[in-house]
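When you read off a place in the sequence shown, starting at 1, and then add 253, the result is the number in the working numbering. Just so it is clear, CB atoms sit at the ideal spot from N, CA and C, and this is done for glycine as well. Encoded as C-alpha cells, the structure appears first; notes follow it.
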Amino acid sequence: MANAYLNGEFLPIEECKISVLDRGFIFGDAIYELIPVYNSKPFYLSAHLKRLNRSLEQTKITNPHSEDQWINIIQQLIDKSGLQQLSVYIQISRGVAPRDHAFPVNVMPTVFAMTNPWPSVSEDMYTQGLSAVTVDDMRWDRCDIKVTSLLANVMKKQQAIEHGAHEAILVRDGKVLEGSATNVFIVKNEKVSTAPKDHLILPGITRDVVVELLSELNIPLTESAITQQELNNADEVWITSSTKECVPVTRVDDQAIGTGKPGELWARVFAAYQQRKN
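Printed below as a string of C-alpha cells:
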C-alpha cells in the first residue's frame, strides 16, 4: 500500500480520510508541491519548500509547519516508502468549514502528503521525442501559484491526448507560455529561449535547474516572450517538469520541429541534468 501522511499521522493511503466540507474538496482552495527524490535524497528540496511557502503566502493559507518540520516529514515518508527513486506529493488546503466563499476563521489547514514510485519512462521519449499541440490558454491570471484548481490544465491535457499528442502547449495573445504540466524551451540558431517568470507561468524548479545548466554550459539563454511562429520554426523544443525532467518535443501541431529528432543542445543539457541528480 502507498505511504501517506495526513494531519500529523503516517498511515496507508487507503486509510486516509478527509471531510466532504474540506475547502480543498469544495472549492479547490488548496496548494500543492511535488518533490522528486533520487537515491533517497530530495532534489532541490530547499527550492521546493520555498515555492510551497510562497504558494501558501499568496493564497493566505497559514503554513502549518516550520522548514525543519517539513524536512522531517518528507524524510520519514521517503524512509517508509522503501524506495530510492520516487516523488513526494504535498497538498495543503485551507481546512474544514461550512461552505462559504469567505475565508473561515480559526480553521486548521488540512495537510496531506504521499509518496509515489518514480514513473517509468519509455526510451522512445529520449530517442524520438514527444509530440505536442498548441491550444488557447483559458486559465486564470495567477498561474504562478501552485494551486490544486487545475481543471483548465486537465481539459487542455485531455485535448492533446485526444489529438494523439503527449502535451498541450498553452498560447495566450499569440505568446507561448508553458505546457499543461510543463515549462517550455525553444532553440534557434543554438540560442535558447523560454518564457519569463511572471504571473502567467508556474515557476518550475526543473525549469530553474535547466537555466542554471545552460549558464554552466555557456549556452545563450533569453527569458522573453516566444511567439507561436517562433515555436513552429524552432530548431529544437524541450519541455521540463519534476517528473519528466527535460525531454525533447519533436512534433508540434503535426509538424516536425527541426530535423524531427532530438537535438544536440537538448542532449548536452539532458546529460548535465543526469549528472546533477547524483
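Query, Result
"For residue 343, the first and last residue of its enclosing beta strand (DSSP E)", "339 to 346"
"Same chain, Cβ closer than 6 Å to residue 400, neighbours up to 5 away in sequence not counted", "284"
"Under the three-state DSSP convention, the category residue 280 falls into", "coil"
"DSSP state of residue 468 mapped onto helix, strand, coil", "helix"
"Runs of alpha helix (DSSP H) wholly within the stretch 369 to 434 (minimum 4 residues, chain order)", "377 to 380, 404 to 415"
"Whole-angstrom distance between residue 303 and residue 315, CA atom to CA atom", "14 Å"
"Closest Cα partner of residue 331 within the set 258, 473, 356", "258"
"Whole-angstrom distance between residue 397 and residue 444, CA atom to CA atom", "25 Å"
"Beta-bridge partners of residue 508, as assigned by DSSP", "505"
"For residue 369 and residue 340, believed in contact at Cβ under 8 Å, the rounded distance", "5 Å"
"Rounded C-alpha distance that separates residue 271 from residue 365", "9 Å"
"Residue 299 (DSSP reduced to helix, strand or coil)", "helix"
"Sub-7 Å separation of residue 458 and residue 300 beta-carbons", "yes"
"Distance CB(residue 378)-CB(residue 462) smaller than 7 Å", "no"
"Residue 484 to residue 405 span [Cα, whole Å]", "22 Å"
"Validate contact between the stretch 383 to 394 and the stretch 418 to 435 using beta carbons, cut 8 Å, 3 pairs", "yes"
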